[in-house]
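Read through the structure below, which is laid out as structure tokens, and then see the notes.
Protein chains: 4
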Amino acid sequence: MNLHSAAFATAKTSSDSSSLRDRLFATRALSSDLARPLSDEDQVAQAMDDASPTKWHLAHTTWFFEAFLLKRFLENYRVFDERFEYCFNSYYESVGPRQPRPKRGLLTRPGAEEVRAYRAFVDAALERLFATDLAPAAAELIELGINHEQQHQELLLTDILSLFAAEPLKPAYRDANPGIAVGETAPLDFVSFAGGIVAVGHDGNGFAYDNEGPRHEALVRPFKLASRCVTNAEWMAFIADGGYATPTLWLSDGWNLVRGQDWNAPLYWEDTEGGPAQMSLNGYRPVDPSAPVTHISYYEADAFARWAGARLPTEFEWETAASNVPLEGRMLGAGHLRPLAPARGKGLSQMIGDVWEWTASAYLPYPGFKAAPGAVGEYNGKFMCNQFVLRGGSCVTPEGHIRRTYRNFFYPHQRWQFTGLRLAKDA
Amino acid sequence: MNLHSAAFATAKTSSDSSSLRDRLFATRALSSDLARPLSDEDQVAQAMDDASPTKWHLAHTTWFFEAFLLKRFLENYRVFDERFEYCFNSYYESVGPRQPRPKRGLLTRPGAEEVRAYRAFVDAALERLFATDLAPAAAELIELGINHEQQHQELLLTDILSLFAAEPLKPAYRDANPGIAVGETAPLDFVSFAGGIVAVGHDGNGFAYDNEGPRHEALVRPFKLASRCVTNAEWMAFIADGGYATPTLWLSDGWNLVRGQDWNAPLYWEDTEGGPAQMSLNGYRPVDPSAPVTHISYYEADAFARWAGARLPTEFEWETAASNVPLEGRMLGAGHLRPLAPARGKGLSQMIGDVWEWTASAYLPYPGFKAAPGAVGEYNGKFMCNQFVLRGGSCVTPEGHIRRTYRNFFYPHQRWQFTGLRLAKDA
Amino acid sequence: MNLHSAAFATAKTSSDSSSLRDRLFATRALSSDLARPLSDEDQVAQAMDDASPTKWHLAHTTWFFEAFLLKRFLENYRVFDERFEYCFNSYYESVGPRQPRPKRGLLTRPGAEEVRAYRAFVDAALERLFATDLAPAAAELIELGINHEQQHQELLLTDILSLFAAEPLKPAYRDANPGIAVGETAPLDFVSFAGGIVAVGHDGNGFAYDNEGPRHEALVRPFKLASRCVTNAEWMAFIADGGYATPTLWLSDGWNLVRGQDWNAPLYWEDTEGGPAQMSLNGYRPVDPSAPVTHISYYEADAFARWAGARLPTEFEWETAASNVPLEGRMLGAGHLRPLAPARGKGLSQMIGDVWEWTASAYLPYPGFKAAPGAVGEYNGKFMCNQFVLRGGSCVTPEGHIRRTYRNFFYPHQRWQFTGLRLAKDA
Amino acid sequence: MNLHSAAFATAKTSSDSSSLRDRLFATRALSSDLARPLSDEDQVAQAMDDASPTKWHLAHTTWFFEAFLLKRFLENYRVFDERFEYCFNSYYESVGPRQPRPKRGLLTRPGAEEVRAYRAFVDAALERLFATDLAPAAAELIELGINHEQQHQELLLTDILSLFAAEPLKPAYRDANPGIAVGETAPLDFVSFAGGIVAVGHDGNGFAYDNEGPRHEALVRPFKLASRCVTNAEWMAFIADGGYATPTLWLSDGWNLVRGQDWNAPLYWEDTEGGPAQMSLNGYRPVDPSAPVTHISYYEADAFARWAGARLPTEFEWETAASNVPLEGRMLGAGHLRPLAPARGKGLSQMIGDVWEWTASAYLPYPGFKAAPGAVGEYNGKFMCNQFVLRGGSCVTPEGHIRRTYRNFFYPHQRWQFTGLRLAKDA
């Protein structure tokens, strides 16, 4: 089966466009497209507590529209199945009890076919809603629902990778695009920035998550930012230099994990006779030295930076540097499904796409942050503790989803996302 | 969908019959029949470490024939897929490494369709083997393979029940047979036995597992055995009398479980407005007072017996009492898939079928026991520790599988099998 | 400090003697003697959940007399401190709640000095009780209390060994007796026994625990029993032959422990340049090849026997063989505090003392067993599950405590007692 | 025993003073004073992994001087016992392996007496060092050692409280000072601050930990800070209003703890007939409504602030507000050993002493932070992840130890320190 390049084109197109309605249904269609290479069995299993089954993603994003939009704004709407709220509510305490997260993989019922019918049912209702006079609050919720579903598209792919990596047969989600050779490693430069009192956070034009605001001033000291992400070749040098065996490079919590879980390489790496290989959405592949390292924890990113005599950038340094960078890069629409070597050229590359970049910033509320009222207020605010901010999107972030102010966040031990790093230094 | 009574008839017929070949393929067909009401998704999930996915059962029983029989006895046999040995070896250390048991539910690959093809491939090879001059050792392994697959048929059903009980939608594996009314509770009598020096264990005529022999003499004291199993009505009296809240009724290890896991009823029981209900292969149903209590641990059986002023029988008491009982009862072929009230009548009833009966006997080797040579020697012997013997088969034991000398064994805390109890007393 | 040989002489003498009163106070004095080499700090700590602090043993055995004897039989007795019941009740559910077992090591209060005062207070009350007309039921409880305290004397020593083995400074409880050279290994013979219908269990003459009765007939097949225990030299051969790396030698539950906990030798063994050494009550010492192996689990004993082409004896085989053996051996009074090489000679040696011998018998009630009424009925019966019987006493069993019918019991994974094994074979 | 007010006077005096030498030995003496009310048994036990035994604190602070100062700067110094490095190294990976933290409570050897001798031995060596020409680097390490030991003085007390709270006899570390009545609750005001570009962090005059620098500019928005800490009375209102049962008040990680560990009040609180009581260093006492709430986690502080329509201050807001506050308050020298109601008056009270105040700031390095070279570089930097900053010291912080720039840090779930909170709001 060769699905590659064409598969996710709609998403790319749609992101450039146009009406809310078009973007909504393009997003809905993309989710279904992403599930298509998978068997119904693939869609039900859950490899670890952090991951969710594909089918659950498909149903949860649908329930999101049903619970927060249709029940409220579409007259006479009757839910597809009342029991789905228990099955597919993720973490909305305000809504009620739910299937425990580690047991999402037990939901063989409703079946994939029924979930597809659920999607069609809700899509039809969404069409009916568009035939009405759309309230601004409804439009806002649709926009939120689109962005929500895009987030789950990325998770769907990283979660299916966690499943396939745990399977002895190591299946590929998709064959690799032909003609993508191992790249040449671009030289590493540092680009200088003056800093100062800078405005950060979203300015309110267009959609943004509540956690990106309020826009406010921040004091940024002069700094230098690496022109590209850290590569696998550089990571191999770190390993060869005993990086995973040198406690003084590590945060204490990180070192405990390194010892307790025998970490000695990024997630999914294995030693083979021909050098390291890493499980990917294209199956097991030799590690490409010129591509960005990925599937690393914050602890590893931080230790590497210390080893390299550098540090991680803060999220405001990153945002400052990104302000003049075009909002484009290798994302889901490119269809590679893995990070690749940067193009050669001047200045910053890979800021958008390829890998999420760990920052040195704890995920905390901006000054004056207020969570949205109601259940959707649980979307971001209640996670503002114990996590770190990542910036820039990845090779599986849907086009149109990323912003320069976008704040992704994960726990410092988590590695199953397409996470990487870019070095920074004081000026 | 109404599948009931006809579904498993072939098994019953075949067990009465005839040639090894017929029994083999009837058994193979029954496994496929049992999986048929289930979606491919149902077949991949695993609700707990003790249980295995349906698909895994289907593939493992097939691998058993491939690994122990075909590779050795069928000339030029080439395995279907070498990687399946890792996927579907259960616990044969002699054979090699295997998918960790708690992660069998991650095997979305090979898919259910491919596993069905695997079954067909191996069945065809088994046919070819029958076309050859069958070595006695091969015939013995086929007999073992039949019995092995029958065991997994029972597990397939109890494991799917554990899955469906864990699902919020509580699906029924099959609708209940119509016309099975709640029964009348048969009176409880005690039947007396003289004991003495009795011969126990299998005499070598026909197939038996190695753990049923050698046949040997045992000293059995005079005893009395209850005419039927303990009923749900009696269990409700135990609950009402504070059975789960009275430490002096319990073994110490059992009491720790009662407290630590908040046990207050058999597994799958829930209180409803209309009284207790219990998840079953026929879905959630009101508890039938006259039916045998089931899904109880050894600890609960032992505590109940103490509360009732009785005790559990030893396995040799049970075997002695069973010696004159016809080898028939409500088993898988009856199609009820749950234990039912006994027929009224004289003497012992329900000895065969309905529920496995916990005995007071630790699962230990008989005097002179020797495990079979080679990998199949791991079948029984290495589990002779920490478990208790159960006797008599259950409502989901395939016809032809049970013997009066049959020793089933489970850990004393386990409850997901169709386990029940019958009281005994000193004469 | 050189305490050795004289230290525990009183116990030995007293066991031979005389009146209940003398034996009681000799036993009480011995407990205090055993604690004397220990600092107050040593007496408060608890190395693992299975072990108890010395101070706890001293107080619990005292509470036993207070709770079951003095409160009932000594007029106007007022307890020393009502709160001690919570602190020092071990597992008597009938008596009430208690300090959780894994938290006994937190009881810095009452202090050791106060516990010594508690002992003196209760001893004085016991003296007053002896000045009264002692009811037979009281005398029975005193006898039980003596035996109970003797059991705790053994535990006190094995528990302090578990603590000292966990300490980096590896202190010795006592210096080794001088002049105990490494012994010569006695040759291994097998002694034959005819078996038959034999009477086993205690006959009611003199004290015995309830679990030793009722005396009853058992059918014992002809068997052979090794003339001595398995030695360290033999164990080293087992290790050298890959015993800990050969799964087919092991029970399944045992093999999981071997893998999960990296067992590769008996507990407390470490490799040193000069060969294996083992922590003991005499401190770290080279392993004596001719001494019985000790600190092994049931799983290890069972695997060794399989490797040696033999098996473990049943408890009734052991009891049959012991019937003509003098009730003497190296026990606590000998003052060695570790097992030693057997004397050369004909027939069975080391049956009594040196090491507890694992048998193949699950710890279950004898036919007709009834637990004693009241709280002391919790002494033995509620543990009759999941454990195995050991016979014969050890190097730290107090004189006068052991009987040929004595049934000790531990879980098959436990290793901190002075456990060893003796081989058996079918005749 | 009535030890109260005089006990810790030396510390207070010494903190005001004078020479390094005087401060060193006053600090050393204070540690010994703090241990004096405790038995040797009290000093060896460990109630939980986070806490350490008193004896361990006494020895570890001594080892700190030996390992980092005496071995390097005192000619011909020979260590007291080489094995103590393994016993009493806390977390210095550069130094070598060590007793696992959760097993510090097993160190009955060396005994308390020997540890006292160790302290005397090292104190004598420190005296000898002062007789030499003290190198500046040595003086710096002595200063660090003094501050290090002061930190452990606070921990010694909070750790002994965790032990005594876990003991059924609930001993008091010291009787309460007489004449400390329940106070009147001071009214709650908010004091306004203008913010701006402010200088934060230590300016290098006098001792500070490396994590307090470099001093740098921060942008602080206008804010208001509560005039006093949140009181127990206010906390009772939070409880009464369902604070512990309202998920929308909580961070997600906090809510999981509330549910998983059944939190419904601060640590050590229990309901009694006369209202809530809380274990303290003065034993069990009724909760004083006017005193600051203490023994709360970050999660609880954050939830309370949300409930109160306020928020926690950032560490820079706190530091800005503290800049004009006198560096005095109820600390260890006051001898109360628990927080008390604030004095009435204008402006901010309780900024110093009483309870550590959780801030909204994650514990992260300041811009330009570099850990000190060598092993002492492990002191602070490697913990800069997953923790939150607390400010202001507590009722058991030694005088002279606190600074306005002092950054204490704990994990958000930890509650055994004297932690409380002060509300803040945007201006």
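Residue numbers (the working numbering), protein chains in the order written: chain A, 257 to 683; chain B, 257 to 683; chain C, 257 to 683; chain D, 257 to 683.
Cβ coordinates follow ideal geometry from the N, Cα and C atoms, glycine included.
Keep in mind the model is a prediction, meaning the values are calculated, not measured.
Taking its Cβ as the centre, do 16 or more other Cβ atoms sit within 10 Å of residue i, making it buried, or is it exposed?
i              : result
residue 318(C) : buried
residue 601(B) : exposed
residue 299(C) : buried
residue 542(C) : exposed
residue 652(A) : buried
residue 638(D) : buried
residue 461(B) : exposed
Pop quiz: residue i and residue j are said to be a contact at Cβ under 8 Å. What is the actual Cβ separation, rounded to whole angstroms?
i              : j              : result
residue 350(C) : residue 634(C) : 6 Å
residue 620(A) : residue 419(B) : With 8 Å as the limit, residue 620(A) and residue 419(B) do not qualify as a contact, their Cβ atoms being about 42 Å apart.
residue 290(C) : residue 409(C) : 6 Å
residue 648(C) : residue 607(C) : 5 Å
Could you tell me the alpha carbon to alpha carbon distance between residue i and residue j, rounded to whole angstroms?
i              : j              : result
residue 520(C) : residue 669(B) : 29 Å
residue 679(D) : residue 453(D) : 22 Å
residue 548(B) : residue 467(C) : 32 Å
residue 567(C) : residue 493(A) : 55 Å
residue 579(B) : residue 524(C) : 51 Å
residue 451(A) : residue 337(D) : 54 Å
residue 386(A) : residue 533(D) : 59 Å
residue 305(D) : residue 485(B) : 50 Å
residue 404(C) : residue 507(B) : 20 Å
residue 260(A) : residue 297(A) : Note that residue 260(A) scores 33 on pLDDT, short of 50, meaning its location in the model is unreliable; the coordinates nonetheless yield the value given after this. Taking the straight line joining both Cα atoms gives about 22 Å.
residue 348(D) : residue 368(D) : 23 Å
residue 662(D) : residue 516(A) : 32 Å
residue 482(D) : residue 344(A) : 42 Å
residue 615(A) : residue 528(A) : 32 Å
residue 551(B) : residue 411(B) : 14 Å
residue 574(A) : residue 672(C) : 58 Å
Cutting at 6 Å between CB atoms, please list the residues of its own chain near residue i, excluding the five before and the five after it.
i              : result
residue 257(B) : Confidence in residue 257(B) is poor, its pLDDT being 27 and thus under 50, which makes the residue's placement unreliable; the coordinate value appears in the next sentence. Cβ neighbours of residue 257(B) beyond the five flanking positions: none.
residue 273(D) : At residue 273(D), the pLDDT of 33 sits below 50, so the modelled position is not reliable; the number obtained from the coordinates is stated separately. So the list is empty, once near-sequence residues are dropped.
Ordered along the chain, which non-local residues of its own chain (more than five positions away) have a Cβ less than 8 Å from that of residue i?
i              : result
residue 544(A) : 438, 439, 488, 596 and 597
residue 530(A) : 542
residue 503(B) : 511
residue 636(C) : 465, 466, 467 and 627
Identify, in the order they occur along the chain, each residue of the same chain with its Cβ nearer than 7 Å to the Cβ of residue i, setting aside the five sequence neighbours on each side.
i              : result
residue 475(A) : 453
residue 667(A) : 642 and 643
residue 277(A) : 386
For this session: Assess, as a yes-or-no matter, whether the segment 581-588 of chain B is touched by the segment 581-592 of chain C under the definition of 3 or more beta carbon pairs within less than 8 Å.
Result: no
For this session: Examine the Cβ distances between the segment 330-346 of chain A and the segment 363-382 of chain A and report whether three or more of them are shorter than 8 Å.
Result: Between the segment 330-346 of chain A and the segment 363-382 of chain A, the count of C-beta pairs closer than 8 Å reaches three or more; the two stretches touch.
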